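Asks: The structure that follows is given in the form of structure tokens.
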Amino acid sequence: MFEVIGYIAVSVVIMVFLWIQYFILVSHSSYNRGNFIERVIGTIPLVPFIIMFSLIFFYLMEMLYKRFVKWFELNWGWFFINSRKRDAWARHLREKYKDY
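Quick note on numbering: our numbering labels position 79 of the sequence shown as 86, and the sequence is numbered without any gaps.
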């Protein structure tokens, strides 16, 4: 758990630093950009922020998915198993989740 918190804290610090750099860059450039190329170049500093945010998002979604699957298998999985195979299902859960 602390590993995840540390990963998120470092990522947030990096994102804030990049965000500050982006606003410094934007404040020194003109707001009346005329062509498309200048607008695209102005958004380049946001790319690391977007990548870092998406990595954090997908990592947390994967963690939530694994927790949900474990909870579902331990609490409601028996409902979908044929009564003759419940012993095998219980053995499978004991092998998969050692703390079960």
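Where a beta carbon is used, it is the ideal one built from N, C-alpha and C, also for glycine.
Since the structure is predicted, the reported quantities are computational estimates derived from the model, not experimental observations.
Cβ of L100 within 8 Å of Cβ of E69?
Replies: No, they are not a contact pair.
Asks: Go to Y66, then tell me how far its alpha helix (DSSP H) extends in each direction, as first and last residue.
Replies: First-last of the alpha helix (DSSP H) with Y66: L53 to N82.
Asks: Rounded to a whole number of angstroms, what is the C-alpha to C-alpha distance between I21 and V76?
Replies: Looking at the two C-alpha atoms, the distance is approximately 32 Å.
Asks: Nearest CA to the CA of F30: which residue from Y104, P52 and V19?
Replies: Among Y104, P52 and V19, the Cα nearest to that of F30 belongs to P52.
Asks: Do I63 and I15 have their C-beta atoms within less than 8 Å of each other?
Replies: It is a contact, given that the beta carbons lie within the stated cut-off.
Asks: Mind checking which residues open and close the alpha helix (DSSP H) that includes W96?
Replies: Where W96 is concerned, the enclosing alpha helix (DSSP H) stretches over R93 to K103.
Asks: Hey, how far is the Cα of N82 from the Cα of E102?
Replies: Distance between the alpha carbons of N82 and E102: 16 Å.
Asks: Given this structure, state the Cα-to-Cα distance separating I27 from F56, to the nearest angstrom.
Replies: Cα to Cα, the separation comes out at about 11 Å.
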